[in-house]
Amino acid sequence: MQDIGRMEDIARAAGVTRATVYAHFPGKAEIVDALVARVYGVMGEAYTEMAALPRWTRAGIRAWLDEAAAPAALRSLGEGRVRYVEAHERYVAMLVGPPERWRGVDPAEARRRALMAVLQTESFFAAWIAVELPLETANPLRLLADSLCHLVAPAVENDSAGGS
1 MQDIGRMEDI ARAAGVTRAT VYAHFPGKAE IVDALVARVY GVMGEAYTEM AALPRWTRAG
61 IRAWLDEAAA PAALRSLGEG RVRYVEAHER YVAMLVGPPE RWRGVDPAEA RRRALMAVLQ
121 TESFFAAWIA VELPLETANP LRLLADSLCH LVAPAVENDS AGGS
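Quick note on numbering: the UniProt record's numbering labels position 135 of the sequence shown as 135, and the sequence is numbered without any gaps.
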């Protein structure tokens, strides 16, 4: 995990004094825990709303996404948000970099597909490796590979091996 800075830096970024930060949080770990709780709280509410949809239709799920993407809590992460976006831009650039791989594909479409592949991969690894969440499949990497191949289908070459 990347160092989040000194408490003085955190206080300055928040526009408060170090004493104010310590009045609310004993240390940096508790700040991270509070941020994680905030993000998962917002996401929990969003998934609760999706689960409550009477029927899952393309239009209904799109409307849910429009609503779920709206909370200010998801857009108020400051410098962390900037670093997150910059990192993902680098990952996407790596995946769309070789133009011959995406021949005949609109560059904007290639970027969207690459971004979805990055997000799918990072979500998978967060669940499977970081927190050791068990996946109910005999071969979780095959499942991830299938998902990634679907996302980046225009750039995938046929092979006879198929992978395991």
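All C-beta atoms, glycine included, are put in the ideal place defined by N, C-alpha and C.
These figures come from a predicted structure and were not determined experimentally.
Nearest-angstrom Cβ-Cβ length linking residue i and residue j, presumed shorter than 8 Å
i: L115; j: H88; result: 7 Å
i: V152; j: R113; result: 5 Å
i: E49; j: E67; result: 7 Å
i: F25; j: A34; result: 7 Å
With 16 other Cβ atoms within 10 Å as the buried cut-off, status of residue i
i: W102; result: buried
i: A110; result: buried
i: V96; result: buried
i: V92; result: buried
i: V36; result: exposed
i: V21; result: buried
i: G162; result: Bear in mind that a pLDDT of 49 at G162, under 50, signals an unreliable position, so the model cannot answer this.
i: A14; result: exposed
Reference residue i, options the options, closest by Cα
i: A117; options: M43, P154 and V82; result: P154
i: S19; options: R62, R83, A29 and E8; result: As written in the sequence, residue 19 is Ala, which differs from the Ser given in the question. The shortest C-alpha separation from A19 is found at E8.
i: G104; options: V156, I10 and W128; result: V156
i: Q120; options: P107, P140 and A108; result: P140
Enclosing alpha helix (DSSP H) for residue i [first to last residue]
i: T48; result: K28 to A51
i: G60; result: R58 to A68
i: F25; result: Unbroken run through F25: none, as it is neither H nor E.
i: R103; result: Segment: none, R103 is in no alpha helix (DSSP H) and carries neither H nor E.
i: R12; result: M7 to A14
Residue i beta carbon near the ligand FMN (any heavy atom closer than 6 Å)
i: A63; result: This structure simply doesn't include the ligand FMN, nor any ligand for that matter.
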